[in-house]
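Here's the structure we're looking at; comments come further down.
Residue numbers (the UniProt record's numbering): 1 to 198.
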């Protein structure tokens, strides 16, 4: 029987998992995947390397978990910027500009590339993207309703197209291609207008 002042095994496990995730978000937010070792992650989390495997399965899986953790945290900044927009056009522009400059966007693009050759972590990518899309849909629906703005697009499809354009633009930029997609191109994926306008 577990004593009153003694945390259960499940609580200790959840705390260890949280510390590993926080350490990963910190380290991967500053450095590339290949530049961070499992030993460093464990040390930063106050854990053992085998606990990373136990809780996340692999360094790849932990990276993907951390990447989406960083992105979902940054989307609060994105949404705050969007709520200050005074016109549909300024909303489109601020969403595109902010999404392209969030440091976590680059981390997620790297996570997407990492998952491409690793089927074991692809379900994590699907989960992370699904959560991102749902949050984005709710945000866009809320802003449009609050301002009385409208769109001719299906909001679910619009948010997927927007994020696909963001990730694609960052990938092209990372590849060093000059004159790639810009915030203007990304903003153009959202068709927003004042209600009553055609």
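Ideal placement from N, C-alpha and C gives every residue a C-beta, glycine not left out. Fair warning: this is a prediction, and the values are worked out from it, not measured in the lab.
| If you compare alpha carbons, which of 144, 116, 127 is closest to residue 72? | Counting from 1 along the chain shown, the entry for residue 72 is found at position 72. Looking at the Cα atoms, 127 is the closest of the given residues.
DSSP puts residue 135 in a beta bridge; with which residues?
As a first step, residue 135 is located in the chain shown; it is residue number 135 there, counting from the start. BP columns for residue 135 are empty, so no partner.
Query raised in the report: By a C-beta neighbour count over all protein chains shown, 10 Å radius and 16 as the cutoff for buried, is residue 92 buried or exposed?
Result: For this step, residue 92 is matched to residue 92 along the chain shown. Buried, because 16 or more other Cβ atoms sit within 10 Å of the Cβ of residue 92.
#### Entry: residue 71 - containing alpha helix (DSSP H), residue span
In the chain shown, residue 71 corresponds to position 71, counting from 1. Looking at the DSSP string, the run of the alpha helix (DSSP H) that includes residue 71 is 59-83.
**Study point:** For residue 90 and residue 102, the rounded distance between their alpha carbons
**Key:** Looking up residue 102 in the chain shown gives position 102. Looking up residue 90 in the chain shown gives position 90. Distance between the alpha carbons of residue 102 and residue 90 is about 18 Å.
Hey, quick one: how far does the alpha helix (DSSP H) through residue 93 stretch, first residue to last?
If you number the chain shown from 1, residue 93 lands on position 93. Residues 88-101.
- Message: Quick test of your reading: residue 42 and residue 121, contact by CB under 8 Å. State the CB separation rounded to the nearest angstrom.
- Response: As a working mapping, residue 42 is identified with position 42 in the chain shown. As a working mapping, residue 121 is identified with position 121 in the chain shown. The pair is not a contact, with the Cβ atoms about 19 Å apart (cut-off 8 Å).
Notebook entry, point to check: Does the Cβ-Cβ distance between residue 46 and residue 21 come in under 8 Å?
Noted result: For the purposes of this step, residue 46 is taken as the residue at position 46 of the chain shown. For the purposes of this step, residue 21 is taken as the residue at position 21 of the chain shown. Against a cut-off of 8 Å, the Cβ pair of residue 21 and residue 46 comes out as no contact.
| task | Look up residue 174 in the DSSP assignment and say whether it is helix, strand or coil. | result | Taking the chain shown and counting its residues from 1, the one referred to as residue 174 is at position 174. Note: residue 174 maps to helix in three-state DSSP.
TODO: For residue 82, count neighbouring Cβ atoms within 10 angstroms of its own Cβ and tell me buried if that reaches 16, exposed if not.
DONE: Translated into positions along the chain shown, residue 82 becomes position 82. Buried is the call here.
So what does DSSP say about residue 158, is it helix, strand or coil?
In the chain shown, residue 158 corresponds to position 158, counting from 1. Residue 158: helix per DSSP, three-state reduction.
Rounded to the nearest angstrom, what separates residue 94 and residue 183 at their Cα positions? Taking the chain shown and counting its residues from 1, one reaches residue 94 at position 94. Taking the chain shown and counting its residues from 1, one reaches residue 183 at position 183. Roughly 9 Å between the two C-alpha positions.
Practice problem: Would you kindly report the start and end of the unbroken beta strand (DSSP E) that includes residue 194? | Solution: Reading the chain shown from its first residue, position 194 is the one you call residue 194. From DSSP, the beta strand (DSSP E) with residue 194 extends over 192-194.
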